[in-house]
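Residue numbering for the sequence shown follows the working numbering, beginning at 2 and increasing consecutively. Built from N, CA and C at the ideal position, the CB exists for glycine as well. As the structure is a prediction and not an experimental result, all values here were calculated from the model.
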Amino acid sequence: MNKVPMTVVGAERLRKELDYLKFEKRPVIAQAIGEARELGDLKENAEYHAAREEQGLCEARVRDIEGKLSNVQIIDVTKMPNTGRIIFGTTVTILNIDTDVEVTYRIVGEDEANIKENLISVSSPIARGLIGKNLDDEVNIATPGGITEYEITAVEYI
Numbered sequence: 002m003n004k005v006p007m008t009v010v011g012a013e014r015l016r017k018e019l020d021y022l023k024f025e026k027r028p029v030i031a032q033a034i035g036e037a038r039e040l041g042d043l044k045e046n047a048e049y050h051a052a053r054e055e056q057g058l059c060e061a062r063v064r065d066i067e068g069k070l071s072n073v074q075i076i077d078v079t080k081m082p083n084t085g086r087i088i089f090g091t092t093v094t095i096l097n098i099d100t101d102v103e104v105t106y107r108i109v110g111e112d113e114a115n116i117k118e119n120l121i122s123v124s125s126p127i128a129r130g131l132i133g134k135n136l137d138d139e140v141n142i143a144t145p146g147g148i149t150e151y152e153i154t155a156v157e158y159i
């Protein structure tokens, strides 16, 4: 199976979520199932069915996270020398040449992407257009809104 790139922060978030699900949520669900069983007939016991459904969702998420973590390749750009080249994990500031709007993004793995936090997926059109470019380069990036011209004003390995 192919390795999936992920930042150190993204891998840590997944591990924390996995620990929460296994060691905090699982026991609560098991207790809820036990209490619902004590109420009697399981065929018509809504609490029991709700707890079992929650258990199924929890276990599915645990398997999903464990699968992702087993195939992850953690990339820590803070341990690399800053060459000004854009790679996975770098924080990039780009200036839209047409509108003079400057935006900073961090290029992360697909599971870490969150546009509200300016974390863009390595497979997004902007990231694909920036990877391999250097500080002060001008790039044309095909986005859903059309082709946009950007200037790379900062590349940080943080």
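Rounded straight-line distance, which links the Cα of residue j to that of residue i
i: residue 149; j: residue 142; result: 5 Å
i: residue 129; j: residue 146; result: 16 Å
i: residue 127; j: residue 9; result: 22 Å
i: residue 132; j: residue 13; result: 24 Å
i: residue 103; j: residue 96; result: 4 Å
i: residue 31; j: residue 100; result: 55 Å
i: residue 5; j: residue 60; result: 22 Å
i: residue 98; j: residue 87; result: 19 Å
i: residue 28; j: residue 140; result: 52 Å
i: residue 65; j: residue 80; result: 29 Å
i: residue 34; j: residue 3; result: 38 Å
i: residue 15; j: residue 144; result: 30 Å
Limits of the beta strand (DSSP E) - the one that residue i falls within
i: residue 107; result: 103-109
i: residue 120; result: 120-122
i: residue 76; result: 73-76
8 Å contact criterion, which residue i and residue j should meet: CB distance rounded
i: residue 157; j: residue 84; result: 12 Å between Cβ atoms; not a contact.
i: residue 63; j: residue 23; result: 6 Å
i: residue 7; j: residue 75; result: 6 Å
i: residue 90; j: residue 78; result: 4 Å
Sheet register partners of residue i (DSSP bridge)
i: residue 86; result: 135
i: residue 140; result: 151
i: residue 81; result: Residue 81 is not bridged to any residue.
i: residue 93; result: 106 and 156
i: residue 115; result: 120
Any chain D beta carbon closer than 7 Å to residue i
i: residue 99; result: Among the protein chains of the structure shown there is no chain D, as only one such chain exists.
Same chain, Cβ closer than 6 Å to residue i, five either side skipped, listed in chain order
i: residue 136; result: 85, 153 and 156
i: residue 106; result: 93, 119 and 121
Extent of the continuous alpha helix (DSSP H) run through residue i
i: residue 158; result: It is not in any alpha helix (DSSP H) - residue 158 carries neither H nor E in the DSSP assignment.
i: residue 6; result: It is not in any alpha helix (DSSP H) - residue 6 instead sits in the beta strand (DSSP E) that spans 5-8.
i: residue 30; result: 27-38
Cutoff 7 Å; reference residue i; Cβ partners in own chain excluding five residues on either side
i: residue 138; result: 153
i: residue 37; result: 46, 48, 49 and 52
i: residue 55; result: 30
i: residue 40; result: 46 and 48
Sequence-distant residues of the same chain with beta carbon closer than 8 Å to residue i, five excluded per side
i: residue 11; result: 109, 110, 112 and 113
i: residue 70; result: 12, 15, 16 and 19
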